[in-house]
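Residue numbers (the working numbering): 147 to 447.
All C-beta atoms, glycine included, are put in the ideal place defined by N, C-alpha and C.
Because the structure is a prediction, the values reported are computed rather than measured.
What follows is a set of notes on a single structure, which appears directly below.
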Ligand SMILES: [Fe+2]
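What follows is the structure, encoded as structure tokens:
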């Protein structure tokens with residue numbers, strides 16, 4: 147038997163500067179605070195779910211967990227059995243663990259690239275509708291998941307096989323190209339209509355390269371870009387558009403050093419007709435490191 151996860155339900159980060167993260171997550175990204183834990187942990191929302199992002203204190207400044215939603219206990223049990231049959235260690239989370247994630251039940255495992263991962267069922271919903279003071283149109287989330295994550299893999303083929311066979315994700319496409327002299331090969335995979343919930347190349351320094359949140363209106367990308375500039379957030383890639391998911395977005399650094407992507411306009415996938423392809427460029431336009439747009443030293447514009 148096989149079963150598929152439904153969506154990337156939540157992301158957990160371990161961060162060294164919670165104060166900076168609170169200002170960044172609410173003031174730049176436009177997430178809202180769901181709750182504060184006794185140890186300073188912040189839970190954040192971007193839709194009707196009780197929480198989508200958990201930011202907890204610690205030295206790692208990296209991804210601490212990805213949570214994948216299963217339709218029900220039966221689906222979770224099938225995936226767990228398949229993982230165990232494949233030699234993957236799966237441990238049952240305690241009721242306290244589930245309460246911390248605001249889900250009824252969860253299990254834990256580690257993906258081949260070393261990403262701490264969880265399967266869960268029955269996420270709690272917030273009592274209040276989502277309302278961001280800065281992202282007025284709100285976010286594309288709900289059944290499409292919290293957003294996406296681009297993570298480290300030990301080897302791309304190994305992770306692609308794992309997510310296909312174990313979690314039931316489908317290949318969306320590849321981007322294979324050279325960027326500023328560096329070869330890039332990224333596999334993008336989807337769990338639902340969102341073009342990708344997870345993507346990976348090969349090994350990276352941190353577990354996560356970036357996570358993405360998607361606003362419901364194009365102007366939100368420009369507004370978020372302005373907020374990032376005003377907040378002194380380091381812009382890594384200017385506003386641009388990707389050819390595969392067609393996301394209009396920019397990239398900048400979180401207070402933990404890994405990046406976020408703030409986007410709009412991602413295309414949706416219909417599995418009945420989708421054919422995976424390969425692209426030879428990372429962007430149709432834009433997404434430039436800002437310093438690359440400056441004239442060489444000593445040269446006038
Ligand atoms: Fe992305």
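Per DSSP, what are the beta-bridge partners of residue i in this structure?
i           : result
residue 336 : 316
residue 214 : 154 and 265
residue 439 : Its beta-bridge partners do not exist; DSSP assigns none.
residue 410 : 361 and 394
residue 424 : 320
residue 328 : 325
residue 159 : 201 and 209
residue 238 : 253
residue 295 : 344 and 357
residue 187 : Paired residue(s): none; residue 187 is not in a bridge.
residue 182 : 188
residue 271 : 195
residue 431 : 387
residue 285 : 361
residue 405 : 356 and 399
So is the beta-carbon of residue i under 7 angstroms away from any non-hydrogen atom of ligand 1?
i           : result
residue 151 : no
residue 330 : no
Give me the Cβ distance between residue i and residue j, rounded to the nearest whole Å; I'm assuming they're in contact under 8 angstroms.
i           : j           : result
residue 195 : residue 265 : Incorrect: roughly 16 angstroms between the Cβ atoms, too far for contact.
residue 222 : residue 199 : Not quite, the Cβ-Cβ distance comes to about 22 angstroms (not below 8 angstroms), so this is no contact.
residue 345 : residue 192 : About 19 angstroms; that fails the 8 angstroms criterion.
residue 390 : residue 334 : 6 angstroms
residue 197 : residue 206 : With a Cβ gap of about 20 angstroms, residue 197 and residue 206 do not count as contacting.
residue 356 : residue 406 : 6 angstroms
residue 249 : residue 269 : 5 angstroms
residue 212 : residue 252 : Actually they do not touch by this definition, with Cβ atoms about 12 angstroms apart.
residue 259 : residue 295 : That belief does not hold up - the Cβ atoms of residue 259 and residue 295 are roughly 11 angstroms apart, past 8 angstroms.
residue 353 : residue 417 : Between residue 417 and residue 353 the Cβ distance is about 28 angstroms, and since that is not below 8 angstroms, they are no contact.
At a cut-off of 7 angstroms, would you count residue i as near ligand 2, judging by its Cβ distance to the nearest heavy atom?
i           : result
residue 358 : This structure lacks ligand 2; the ligands present are ligand 1.
For this session: Please go through the stretch 336-400 and give each complete alpha helix (DSSP H) segment of 4 or more residues, from N-terminal end onward.
Result: 365-376
Problem set entry | Under 5 angstroms, CB to nearest heavy atom of ligand 1: contacting residues | 358 and 407
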